[in-house]
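Chemist:
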Amino acid sequence: MSLRTLESLGSLSGKRVIVRCDLNVPLQDGVITDDGRVRASLATLNALINQGARVIVVSHLGRPDGKPDAKHSLAPVAQRLSELLGKPVAFARDTVGVSAAEAVDALENGDVAVLENLRFNAGETSKDDAVRGAFAAELAALGDAMVSDGFGVVHRKQASVYDLAQLLPSAAGLLIAAELKVLDRLTETPERPYTVVLGGSKVSDKLGVIGHLLPRVDNLLIGGGMLFTFLAAQGHKVGSSLLEPDQIPQVLEYLKTAAELGVTIGIPTDVVVASKFGADADYMVTPAHAIEDTPYGASGIGLDIGPVTAAAFAEAIRGSNTVFWNGPMGVFELVPFAAGTRAVAEALTEVDGLSVVGGGDSAAAVRQLGFTDEQFGHISTGGGASLEFLEGKKLPGWEVRGWSSRVPRSSRVTGK
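Here my numbering = 1-based position in the sequence shown + 87.
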């Protein structure tokens, strides 16, 4: 894939450059609990500052439903960005209104301003091209050029991602370039053995990527809530565990295809079953085929992979030269059900090759469990974008600039 880089924009000294970041960080009582996405934006922002650009940072945070909502304000993000950059960062109380115009007009070369949450304006996410385009035009009036650096939103057809790029000279930021380099290695030139670890709640969210990756990987390890649909497909009862019965036929098809291709699909042989969902629940480890044989019976709910499975997954990961992981193995937020996710994360830090944490809940998990970003080959800032790229889907934020995945959708196993 060929990207237009920052250099393609020419001299940016004195130019107003709108940078579409993904600063959608978790907040608790107005305090950022994970600033990974803010830190990921620093390379591009510093590059622009050093060129003497007048930097205008835009992003969304949460889902405020097209109107101002104080709990989704980017004010804490602007403050954290100021701390990380080591310089003042102006904050506009709106996105395209009076405060935004004043903040932009006050910028000197090398200065930075953050505009308020893009999603406070309904035009950002509107499905109406005209409404979305009108908002993009208001944004464009604030800048001379645009830099796309929010990897977590490139799969969204939204005003600041898609429409704005058609109104201003645009290029990819350093974060986008770094994400693309890793994704190309995962899809074009992965070193074998190649292992993909998929978790999270719903198997339906991952079916496309499973079908697309089966011909390319050596091992596909299944954890999280989605594992119970695989167990059900094997004929096992899963109690009150998360289950998508309508996906069982597709899962069976993938199991058949994997066998034909010689791909190992790792399905847990033991799980942690609880009496209820909660940190105070009673729980025990049981063979995966015996969930309803526990004292909890049909009300038992599986909340993590078991230790035997965790050890097997870790061994497969450590023995691989390329590993992509998306989705926790269990309810890692609750201490009794975090061991499986911790084991997978620990194994990824020991990979003698490329280890990629695929953003979203996986990135949150490794940080919450005490790992540092530097312990992994790469932590993606966009879980959904990573999955859609690996699935071979078109990403609007790239397609609008002529950037597209080199992995043809026709190579998917089932074409579903």
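All residues carry an ideal CB built from backbone N, CA and C; glycine is no exception.
Between which two residues does the alpha helix (DSSP H) carrying V104 extend?
Modeler: Careful: V104 lies outside any alpha helix (DSSP H), inside the beta strand (DSSP E) at R103 to R107.
Chemist: For the beta strand (DSSP E) that L441 lies in, which residues bound it at each end?
Modeler: L441 to V444
Chemist: For G237, is the classification buried or exposed, using 16 other Cβ atoms within 10 angstroms of its Cβ as the cut-off for buried?
Modeler: buried
Chemist: Just checking my contact of V142 with D198 at CB under 8 Å: how many whole Å lie between their CB atoms?
Modeler: 7 Å
Chemist: Taking the beta carbon of G310 as the centre, do at least 16 other beta carbons fall within 10 Å, making it buried, or is it exposed?
Modeler: buried
Chemist: Under the DSSP definition of a beta bridge, which residues are partnered with V199?
Modeler: V142
Chemist: Does the beta-carbon of S98 have 16 or more other beta-carbons within 10 angstroms, so that it is buried, or is it exposed?
Modeler: exposed
Chemist: Could you please give me the residues that DSSP links to G464 through a beta bridge?
Modeler: None, per the DSSP bridge assignment.
Chemist: Can you give me the start and stop residues for the alpha helix (DSSP H) that L132 sits inside?
Modeler: L129 to N137
Chemist: Where L330 and N111 are concerned, what is the direct C-alpha to C-alpha distance, given to the nearest angstrom?
Modeler: Cα to Cα, L330 sits roughly 29 Å from N111.
Chemist: Would you decide whether G484 is buried or exposed? Buried here means 16 or more other CB atoms lie within 10 Å of its CB.
Modeler: buried
Chemist: What's the C-alpha gap between M313 and W412?
Modeler: Their backbone Cα atoms lie some 14 Å apart in a straight line.
Chemist: What residues in its chain sit with their C-beta under 7 Å from that of S169, if we drop five residues either side in the sequence?
Modeler: Counting only Cβ-Cβ distances below 7 Å, and skipping sequence neighbours, we find P175 and V176.
Chemist: Based on the DSSP secondary-structure assignment, which residues constitute the bridge partners of Y249?
Modeler: In DSSP, Y249 forms no bridge with anything.
Chemist: Suppose the cutoff is 6 Å on Cβ atoms and the five residues either side in sequence are ignored; what does the same chain contact list for I466 look like?
Modeler: V444, A450 and D460
Chemist: Compare the C-alpha of L318 against each of E189, I378, L348 and G239 and name the closest.
Modeler: The candidate whose alpha carbon is nearest that of L318 is I378.
Chemist: Is there contact between the segment 335-345 and the segment 397-406, where contact requires at least three CB pairs shorter than 8 Å?
Modeler: no
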